[in-house]
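Written below as structure tokens is the structure these notes are about.
2 protein chains.
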Amino acid sequence: MRHDRHAAIGVFDSGVGGLTVLKALIERLPLESTIYLGDTARIPYGTKSPEMVTKYSLANAQALMEYDLKLLVVACNTASAVALPALEAYLPIPVLGVIGPGAQAAAAATRTGKVAVIGTPGTIASGAYQRALATERAELLVKSHACPLFVPLAEEGWTTGEVPRLVAERYLGQGLLDGGVDTLVLGCTHYPLLSDVIASVAGPEVRLVDSAQATAARVVEVLAAKGLQQTGPGPVERRYLVTDTPTRFLEVGARFLGHPLSGARQVDLVVSAS
Amino acid sequence: MRHDRHAAIGVFDSGVGGLTVLKALIERLPLESTIYLGDTARIPYGTKSPEMVTKYSLANAQALMEYDLKLLVVACNTASAVALPALEAYLPIPVLGVIGPGAQAAAAATRTGKVAVIGTPGTIASGAYQRALATERAELLVKSHACPLFVPLAEEGWTTGEVPRLVAERYLGQGLLDGGVDTLVLGCTHYPLLSDVIASVAGPEVRLVDSAQATAARVVEVLAAKGLQQTGPGPVERRYLVTDTPTRFLEVGARFLGHPLSGARQVDLVVSAS
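Chains as they are written, first to last, in my numbering: chain H, 110 to 383; chain Y, 110 to 383.
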């Protein structure tokens, strides 16, 4: 393993959601090669236990490390919430989750010091955003709410109209944004697809923080600090790996990435289920 | 293995959904011991490939066969759609899926000969209900639609009010029930929790067929035909196994079973992911 400028950035998620992070990465770093792994055989992580998510994350990292990587992005909030310490212990390259950068951006954005976080049940129950925000600015007031319906809405492509609006009203309307909250963290990689409806329900005084964008910005910083940016022109590779058959990943993934994927290869991971 | 009257009925599903089938079974056969396995580490099956679902189903059956079973119920539409032949080849006891009984009940119920089926993307794409209905009555006209939002609605407990009604209107309102359809098959074990809202959107002229009830009725027939019913009084055991940690299963499961579960034990299955 070279860990040099020419090596690729590895990205994994439980499925298609992390493609919003990959999309932000590609926009900022078009010269970097990328390898994305979607663990579609075990999606979703959000309802599974920390032990299980850690086990799956290590298997994903192991599969990606078969390639020449210089940095790994954990583009899954649930895995970032629970598996980062294990991944950092296991891997010889920098590992970035989506929660630290999201929390950092939110702490910098809020004027009132009141921040709300939405995510999957697993991410919210882990308290990882709450901890990360407290680390950034101890005096912040942080509220949170799990929004499990948002993932299937994004995957169905129901991102406009009455159904997503009512679901967003129900999730955001139970006091989550009361009392001067001015910053709302989209703590799930699926949620950027619903950002229009979420922003409209939250109102103009609430700023949305997209962890995908914050993470991509952080990757740029880390590569620069370590002198690992790809600078010259050269072949840019976009590889996609999945653990289940690729059909649905390619179909839904195009909606997340904003354009069709070049193809995806199914890989075999062996994980004990508990 | 004895395969006698005193052995238990095994039931598996990808998670909590199959508890609607278990509930129907217990109501009809209160003297029978039951062992339920929820493969919560790999839920949901509905978006995964036939190959993967078959592999998971075989691992579930293997774990259940550690116990003394006389019959296995595949209480998962997706697994019933794709894995029954493999399970029947592998197991020395009768295996019943939920699709055959559901199709049989629908074919018997329809007067117009026009039947609609709703289920997960995996179940609908498999065409299994369509085939099973054609086997029952070749002249039936069968329409179908995948309804992925219904599963998280049931698990969230959002079973009444505007959101499930609008979702049901969107799924059922695109011509699915036009042209004289008088029978609607709930082809997913989660859907009985939404049967009130589905029935109200479908209207009084459409009869709902609940595969869980139809399957329980079929289990009674098979046990009777093979002389395997538990007749005398005796200790009735209710065992619950899960592949992820039990917390969420116990919480959501109580809603599906209609009363709290006695507890669930986490078991370890080893499955290759592809």
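All residues carry an ideal CB built from backbone N, CA and C; glycine is no exception.
- Neighbours of threonine 354 of chain Y across chain H, judged by C-beta separation under 9 Å: Lys157, Ser158, Pro159, Glu160, Met161 and Ser383.
- Using a Cβ-Cβ distance cut-off of 8 Å, the region 191-211 of chain H and the region 234-242 of chain H are in contact, since at least three pairs of beta carbons, one from each stretch, lie closer than that value.
- With a 10 Å radius around the Cβ and a threshold of 16 neighbouring Cβ atoms, proline 313 of chain H comes out exposed.
- Near chain H, meaning a CB-to-CB distance below 8 Å, the residues of the region 259-286 of chain Y are Val260, Pro261, Leu262, Glu264, Glu265, Trp267, Glu271, Val272, Leu275, Val276 and Arg279.
- Proximity of chain Y to arginine 357 of chain H at the Cβ level (cut-off 7 Å) is accounted for by Thr156, in chain order.
- The Cβ atoms of alanine 321 of chain H and arginine 137 of chain H lie no closer than 8 Å to each other.
- Note on geometry: alpha-carbon atoms of valine 290 of chain Y and glycine 222 of chain Y lie some 8 Å from one another.
- By the neighbour-count criterion, in which a residue is buried when 16 or more other Cβ atoms sit within 10 angstroms of its Cβ, glycine 282 of chain Y is exposed.
- In the same chain as alanine 117 of chain H, and ignoring 5 residues on each side of it, the C-beta atoms closer than 8 Å to its own belong to Glu141, Ser142, Thr143, Ile144, Tyr176, Asp177, Leu178, Lys179, Glu346 and Arg348, in chain order.
- As for any alpha helix (DSSP H) of minimum length 4 sitting wholly inside the region 169-238 of chain Y, the runs are 186-191, 193-199, 208-218 and 230-235, ordered along the chain.
- Residue state for glycine 362 of chain Y is assigned as helix, using DSSP reduced to three classes.
- Taking C-beta atoms as the reference points, leucine 128 of chain Y and glycine 296 of chain Y fail to come closer than 8 Å.
- For proline 369 of chain Y, the nearest beta carbon of chain H is not closer than 8 Å to its own beta carbon.
- Across the structure, isoleucine 227 of chain H and valine 204 of chain Y are spaced so that their CA atoms are roughly 43 Å apart.
- Within the same chain, and ignoring the five residues on either side of lysine 335 of chain H in sequence, no residue has its Cβ closer than 6 Å to its Cβ.
- Under a criterion of Cβ atoms nearer than 9 Å, the residues of chain Y adjacent to proline 257 of chain H are, in order, Pro261, Glu264 and Glu265.
- Residue pairing by DSSP places serine 253 of chain H opposite H:Val226 in a beta bridge.
- Leucine 350 of chain Y has its alpha-carbon roughly 31 Å from the corresponding atom of glutamate 265 of chain H.
- The alpha-carbon separation between aspartate 353 of chain Y and glycine 231 of chain H amounts to approximately 13 Å.
- Non-local C-beta neighbours of serine 189 of chain Y in its own chain, meaning closer than 6 Å and more than five positions away in sequence, comprise Val183, Gly206, Val207 and Ile208, ordered along the chain.
- With respect to the 8 Å criterion, leucine 167 of chain H and alanine 133 of chain H are not classified as neighbours on the basis of their beta carbons.
- Close CB contacts of valine 260 of chain H within its chain, under the 8 Å cut and outside five residues either way in sequence, are with Gly126, Pro153, Gly155, Thr229, Cys297 and His299 (chain order).
- Taking 8 Å as the cut-off, the beta carbon of threonine 219 of chain H is found closer than this to the beta carbon of leucine 249 of chain H.
- Within the DSSP secondary-structure output, glycine 119 of chain H pairs in a beta bridge with H:Ile144 and H:Leu181.
- The C-alpha of serine 304 of chain H lies about 13 Å from the C-alpha of glycine 270 of chain H.
- Note: tyrosine 165 of chain H is not bridge-paired with any residue in the DSSP secondary-structure output.
- In the displayed model, threonine 292 of chain H falls within a strand according to three-state DSSP.
- In its chain, beyond the 5 residues on either side, Arg347 and Tyr349 have a beta carbon closer than 8 Å to the beta carbon of serine 371 of chain H.
- Partner residues in the beta bridge of valine 318 of chain Y, as assigned by DSSP, are Y:Val294.
- With respect to the C-alpha of glutamine 339 of chain H, the residue from H:Leu242, H:Pro139, H:Ala192 and H:Val162 having the closest C-alpha is H:Pro139.
- In this structure, the beta-carbon distance from arginine 279 of chain Y to valine 318 of chain H does not fall below 8 Å.
- Considering only Y:Ala247, Y:Leu293 and Y:Trp267, the residue with the shortest C-alpha distance to alanine 255 of chain Y is Y:Leu293.
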